[in-house]
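To start, the structure itself, in structure tokens.
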Amino acid sequence: MPRPPQLEQVDWKAVFASGLPFTRWICEGEFPEHRSRMTAGIGTIALAPETEAELAALSRTVHVVAIAEDWCGDVVRHVPPLERLARSAPRLEIRYIPRDHPSNVFVRFLTNGGEAIPKFVFLSDNWVECGNWGPMPAEHRRLIARGKGAGDVAAARKRVSALYEADPNCETVISELLELVRTAVCTRP
Numbered sequence: 002m003p004r005p006p007q008l009e010q011v012d013w014k015a016v017f018a019s020g021l022p023f024t025r026w027i028c029e030g031e032f033p034e035h036r037s038r039m040t041a042g043i044g045t046i047a048l049a050p051e052t053e054a055e056l057a058a059l060s061r062t063v064h065v066v067a068i069a070e071d072w073c074g075d076v077v078r079h080v081p082p083l084e085r086l087a088r089s090a091p092r093l094e095i096r097y098i099p100r101d102h103p104s105n106v107f108v109r110f111l112t113n114g115g116e117a118i119p120k121f122v123f124l125s126d127n128w129v130e131c132g133n134w135g136p137m138p139a140e141h142r143r144l145i146a147r148g149k150g151a152g153d154v155a156a157a158r159k160r161v162s163a164l165y166e167a168d169p170n171c172e173t174v175i176s177e178l179l180e181l182v183r184t185a186v187c188t189r190p
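Here is the structure:
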């Protein structure tokens with residue numbers, strides 16, 4: 002039986018080093034209205050005190066490569082929760098890269114064959130890939146997939162919009178991102 006093709010190994014440390022920190026990435030964005038929405042959004046997200054304490058006490062560094070571009074509505078919606086977590090976690094480091102740089106990275110994270118962003122790739126302190134998130138919460142992705150299957154993506158998008166409206170503090174996103182942080186810092190399976 003033939004072996005399946007293998008993707009080339011990613012040097013995550015180099016990819017991370019090639020990215021931009023949030024403050025530089027946001028300043029270099031093309032859409033001022035999106036920049037201001039993202040920056041303002043970070044300040045509106047409240048974290049539970051136990052989440053704040055957990056993030057402040059992380060025992061290991063977590064690196065996140067955020068594949069994101071400021072023209073995308075999902076990026077505008079989901080970067081603020083990620084950055085809000087980082088503001089409470091001195092050991093959560095994030096760098097932003099566009100979809101096409103480096104070219105061998107984003108191809109690993111297509112969503113149903115499409116180039117949906119954002120994609121947040123969580124790496125341990127040893128640069129081991131521990132999981133990824135995006136372009137939206139799991140339940141939202143499931144609804145969109147079901148909408149495609151049913152031939153009614155518009156109805157699915159309407160349901161997804163209602164889920165977002167019902168979660169103004171981004172609790173669903175925060176919960177999913179926090180689980181990936183926990184995975185990246187774990188010391189046992």
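At position 157 of the sequence shown the residue is numbered 158 (the working numbering), and the sequence of numbers has no breaks. We put the beta carbon where it would ideally sit given N, CA and C, even for glycine.
Checklist entry - What residues in its chain sit with their C-beta under 6 Å from that of residue 126, if we drop five residues either side in the sequence? => result 61, 62
Checklist entry - Any idea which residues DSSP pairs residue 96 with across the strands? => result 66
Next on the checklist: Restricting to Cα atoms, I'd like to know which of 79, 11, 29, 27 is closest to residue 177.
Outcome noted: 79
Next on the checklist: By alpha-carbon positions, which one of 164, 45, 137 ends up nearest to residue 88?
Outcome noted: 45
Item to check | Per-residue DSSP class, three states only, for residue 73 | outcome: coil
Item to check | Buried or exposed by the 16-neighbour rule on C-beta atoms within 10 Å, applied to residue 137 | outcome: buried
Checklist entry - Does the distance from the C-beta atom of residue 23 to that of residue 94 stay below 8 Å? => result no
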